[in-house]
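Colleague: Heads up, the sequence shown is in this note's numbering, so the first residue is 6 and it goes up one at a time.
For glycine and all other residues, C-beta sits at the position ideal for the given N, C-alpha and C.
Take a look at the following structure, please.
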Amino acid sequence: RDGKVIGRGYNQMEGAHDPSAHAEVRAIKDACSRLGTWRLSGCTLYVTLEPCLMCAALIRKSRIRKIVIGAIEPREGAFGSVVSINDLPPEGSHVESVWLYDEVSENLLKQFFKELRKT
6 RDGKVIGRGY NQMEGAHDPS AHAEVRAIKD ACSRLGTWRL SGCTLYVTLE PCLMCAALIR
66 KSRIRKIVIG AIEPREGAFG SVVSINDLPP EGSHVESVWL YDEVSENLLK QFFKELRKT
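Take a look at the structure:
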């Protein structure tokens, strides 16, 4: 918000044994805690991987209006690759998505998750 990072998060599903411990959830919780509100109007969320439907719903619910995405999630993506959160009700809660997709970011993510699952 206003050019400042107000929340950070990374995927902790495996380590926390928690299916909801996605990076987006962690970053939004961190931002809400720091700002003292659940409304993140005026904030932009930057993610390496297209969010799933659970995270997309949380992004919309927290009133984030813009997301910058590094790579598609071909199995669960909820910003257009599989489904679009913007096609679901309620109207008036559109989240603008900006795609920075390229093969480099996709390959980095594949390698990251491959290494993560080895441990």
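Where does A21 land, buried or exposed, given buried means 16+ other C-beta within 10 angstroms?
Modeller: exposed
Colleague: I'd like the ranges of any alpha helix (DSSP H) spanning at least 4 consecutive residues and lying wholly in the region 70-123.
Modeller: You should have 108-123.
Colleague: Indicate whether G14 and R39 have their beta-carbon atoms separated by less than 9 angstroms.
Modeller: no
Colleague: Take the Cβ of G82 as the centre, count every other Cβ of all protein chains shown within 10 Å, and call the residue buried at 16 or more, exposed below.
Modeller: buried
Colleague: Straight-line CA distance for L45 to V52?
Modeller: 16 angstroms
Colleague: Can you tell which of R80, I33, L54, G41 has its C-alpha closest to the C-alpha of R65?
Modeller: I33
Colleague: Kindly give me the distance between the Cβ atoms of I69 and W104, rounded to whole angstroms, as I take these residues to be in contact under 8 angstroms.
Modeller: Rounded, the Cβ-Cβ distance is 16 angstroms, inconsistent with contact.
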